Amino acid sequence: MSTEPIRSHKDGKSYQKAFCAAMKIFQLSKSFPKEEKYALTDQIRRYSRSVCANLAETWRKPRYQAAFNKHG
83 MSTEPIRSHK DGKSYQKAFC AAMKIFQLSK SFPKEEKYAL TDQIRRYSRS VCANLAETWR
143 KPRYQAAFNK HG
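Using the working numbering, read the sequence shown as starting at 83 and increasing by one per residue.
Rendered as structure tokens:
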């Protein structure tokens, strides 16, 4: 198991797996029927990219103890 510190959201395993999945989804969606190009294909691609975007956004948020302990 690696002991390297996570310095960026891109170092996390969740981000790396989500990014890899998004790239695979993009490649697979190239073979979708042309009539789905602007409907289903676009939606699937946006959803797959949103996972990485949400992980990056969460990483950038300030980490305050009070945010985790609202009842304290």
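Where a beta carbon is used, it is the ideal one built from N, C-alpha and C, also for glycine.
Quick caveat: nothing in here was measured; it's all calculated off a predicted structure.
Under the three-state reduction of DSSP, which class applies to ARG131: helix, strand or coil? The sequence position of residue 131 within the sequence shown is 49, counting from 1. The three-state secondary structure of ARG131, taken from DSSP, is helix.
Within 10 angstroms of its Cβ, does SER130 collect 16 or more other Cβ (buried), or is it exposed? Taking the sequence shown and counting its residues from 1, one reaches residue 130 at position 48. So SER130 ends up on the buried side.
Reduced DSSP secondary structure (H/G/I, E/B, other) of GLY154 | Sequence index remark: in the sequence shown, residue 154 carries index 72 (1-based). Unreliable positioning characterises GLY154 in this predicted model, as indicated by a pLDDT of 49, which lies under 50. The coordinate reading is nonetheless provided below. Here GLY154 sits in coil by DSSP.
* To do: State the start and end residues of the unbroken alpha helix (DSSP H) segment that holds TYR97.
  => By 1-based counting over the sequence shown, the position of residue 97 is 15. DSSP places TYR97 in the uninterrupted alpha helix (DSSP H) bounded by 95-111.
Assign LYS143 to one of three DSSP states: helix, strand, or coil. Numbered from its first residue, the sequence shown carries residue 143 at position 61. Correct three-state label for LYS143: coil.
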